[in-house]
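Heads up: take any position in the sequence shown, counting from 1, add 125, and you land on our numbering.
So the structure is just underneath, and the comments pick up after that.
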Amino acid sequence: MFDKLETVEKRYEELTIKISDPEVIARTNEWREYMKEHAEIEPIVQKFKEYKKAKQAYEDAKEMMSDPEMKELAEEEMLSAKEDIPRIEEELKILLIPKDPDDDKNVICEIRGGAGGEEAALFAGTLFRMYTMYAEKKHWKLEVVNENETGLGGYKEISFMITGKGAYSRLKFESGVHRVQRVPDTESSGRIHTSTATVAVLPEVQDVEIDINPADIKLEVYRASGAGGQHVNKTSSAVRLIHVPTGVVAECQTERSQLQNREYAMRLLRSRLYEIEKQKQDSEIANARKVQVGSGDRSEKIRTYNYPQGRITDHRIGLNIYQFEDFLNGNLDEMIDNLIAADRAERLKGEE
Numbered sequence: 126m127f128d129k130l131e132t133v134e135k136r137y138e139e140l141t142i143k144i145s146d147p148e149v150i151a152r153t154n155e156w157r158e159y160m161k162e163h164a165e166i167e168p169i170v171q172k173f174k175e176y177k178k179a180k181q182a183y184e185d186a187k188e189m190m191s192d193p194e195m196k197e198l199a200e201e202e203m204l205s206a207k208e209d210i211p212r213i214e215e216e217l218k219i220l221l222i223p224k225d226p227d228d229d230k231n232v233i234c235e236i237r238g239g240a241g242g243e244e245a246a247l248f249a250g251t252l253f254r255m256y257t258m259y260a261e262k263k264h265w266k267l268e269v270v271n272e273n274e275t276g277l278g279g280y281k282e283i284s285f286m287i288t289g290k291g292a293y294s295r296l297k298f299e300s301g302v303h304r305v306q307r308v309p310d311t312e313s314s315g316r317i318h319t320s321t322a323t324v325a326v327l328p329e330v331q332d333v334e335i336d337i338n339p340a341d342i343k344l345e346v347y348r349a350s351g352a353g354g355q356h357v358n359k360t361s362s363a364v365r366l367i368h369v370p371t372g373v374v375a376e377c378q379t380e381r382s383q384l385q386n387r388e389y390a391m392r393l394l395r396s397r398l399y400e401i402e403k404q405k406q407d408s409e410i411a412n413a414r415k416v417q418v419g420s421g422d423r424s425e426k427i428r429t430y431n432y433p434q435g436r437i438t439d440h441r442i443g444l445n446i447y448q449f450e451d452f453l454n455g456n457l458d459e460m461i462d463n464l465i466a467a468d469r470a471e472r473l474k475g476e477e
């Protein structure tokens with residue numbers, strides 16, 4: 126680990142010189158890349174300096190022990206440094222875990238009602254409301270890209286984009302099957318039903334990150350549909366893009382202009398194709414080492430929302446949350462922080 130830290134520190138010093146060089150500054154793109162790398166490794170370098178300082182303090186205090194007048198002070202210094210060193214070592218191990226390159230990206234979320242008919246569609250609506258409120262708390266921008274509403278106010282499916290710093294790093298663990306256990310409003314006998322909805326969280330990707338041949342895309346236009354109101358257009362402004370080689374489909378019907386819908390659909394298509402490639406890579410990693418938390422497998426049942434017991438259970442980490450209404454009102458940070466910590470521990474184990 127320490128050889129790696131020495132290498133990172135040396136690279137940081139090189140970058141510090143580069144980003145101050147007027148010739149490099151004049152090459153804007155190159156300078157921007159150096160600045161980004163410099164900012165990414167700076168926390169590691171600062172923590173490594175803190176480690177070396179604690180080690181030095183320990184050695185200095187050890188030398189002072191031979192002086193009877195300084196012995197008491199030296200013992201305090203040694204004890205303090207002895208506590209600091211292992212703590213800083215653990216923090217350095219975490220900082221050295223390779224960062225997910227998608228963490229800082231915006232996200233495209235897709236929620237689909239699963240097993241349970243109308244009740245599943247209503248639950249999809251509950252989840253959409255939950256993520257909308259979470260985005261508001263984080264001061265992120267949310268835009269609906271595509272929606273297929275049901276008559277009772279639920280969604281067969283809804284796609285939306287969330288724009289904000291670190292959105293993917295916080296939301297990526299939401300991918301999977303969400304299960305609800307509750308008495309539906311439509312159920313007269315008061316029996317508890319179990320329904321599901323599937324959530325997919327995709328990082329938004331740029332043109333340069335995935336190569337799509339325009340000749341492979343089939344464009345279809347149609348009239349927007351829905352339960353009624355402003356989303357139903359009289360003109361064929363809704364857009365469906367089909368990637369012929371893979372059969373992947375992306376639709377957008379929320380904008381009035383066909384051009385805007387096509388742009389949003391293209392962003393969605395890029396993210397879906399990127400996710401397919403990413404899943405392949407993740408599967409290869411998982412074959413070598415099972416990653417419990419961050420697999421993002423859409424077929425995996427990740428969470429149960431039990432209304433009668435007022436309990437939300439995340440099955441990946443065995444966490445139960447009883448602040449039921451708070452959670453559904455977008456207070457997701459306790460759950461997400463625990464998922465991030467579990468993922469970090471799993472990856473740290475893999476690195477070792």
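Ideal Cβ placement from N, Cα and C applies to all residues, glycine included.
Being a predicted model, the structure only gives us computed values, none of them experimental.
- If you look at residue 320, you'll find it in the beta strand (DSSP E) that goes 318–328.
- When the Cα atoms are used, residue 396 and residue 187 turn out to be separated by approximately 57 Å.
- In the three-state reduction of the DSSP assignment, residue 301 falls in the strand class.
- Using a 10 angstroms sphere on the CB of residue 340, the tally of other CB atoms stays under 16, which defines it as exposed.
- The count of Cβ pairs closer than 8 Å, one atom from the region 439–447 and one from the region 281–294, stays below three, leaving the stretches out of contact.
- In this structure, the beta-carbon distance from residue 431 to residue 306 falls below 7 Å.
- Setting aside the 5 residues that flank it on each side, residue 237 is surrounded in the same chain by 282 and 323, each with a C-beta closer than 6 Å to its C-beta; the list follows chain order.
- Straight-line spacing of the CA atoms in residue 365 and residue 377 works out to 7 Å.
- Setting aside the 5 residues that flank it on each side, residue 141 has no residue in the same chain whose C-beta is closer than 6 Å to its C-beta.
- Judged by their CB atoms, residue 425 and residue 301 are nearer to each other than the 7 Å cut-off.
- Unbroken beta strand (DSSP E) runs of no fewer than 3 residues, entirely contained in the region 180–242, are found at 232–238, following chain order.
- Between residue 455 and residue 255, the C-beta gap is smaller than 7 Å, which places the two residues in contact.
- Taking a 10 Å sphere around the C-beta of residue 170, we find 16 or more other C-beta atoms and assign the residue as buried.
- Per DSSP, residue 152 lies in no beta strand (DSSP E) and is assigned neither H nor E.
- If you draw a straight line from the Cα of residue 440 to the Cα of residue 429, it comes to about 8 Å.
- Across the set 227, 289 and 130, the C-alpha of 227 shows the shortest separation from the C-alpha of residue 297.
- In this chain, the alpha helix (DSSP H) harbouring residue 137 covers 127–143.
- Per DSSP, reduced to three states, the secondary structure at residue 287 is strand.
- Of 457, 151, 239 and 143, the smallest CA-CA separation from residue 159 is found for 143.
- For residue 295, the uninterrupted alpha helix (DSSP H) run begins and ends at 292–296, by DSSP.
- Residue 368 has 342 and 373 as its beta-bridge partners, per DSSP.
- For residue 308, the secondary structure class from DSSP, reduced to helix, strand or coil, is coil.
- Taking 7 Å as the cut-off, the beta carbon of residue 461 is found no closer than this to the beta carbon of residue 348.
- Annotated three-state conformation of residue 428 is strand, per DSSP.
- Residue 346 and residue 392 have their C-alpha atoms roughly 17 Å apart.
- Collapsing the DSSP output to three states places residue 380 in coil.
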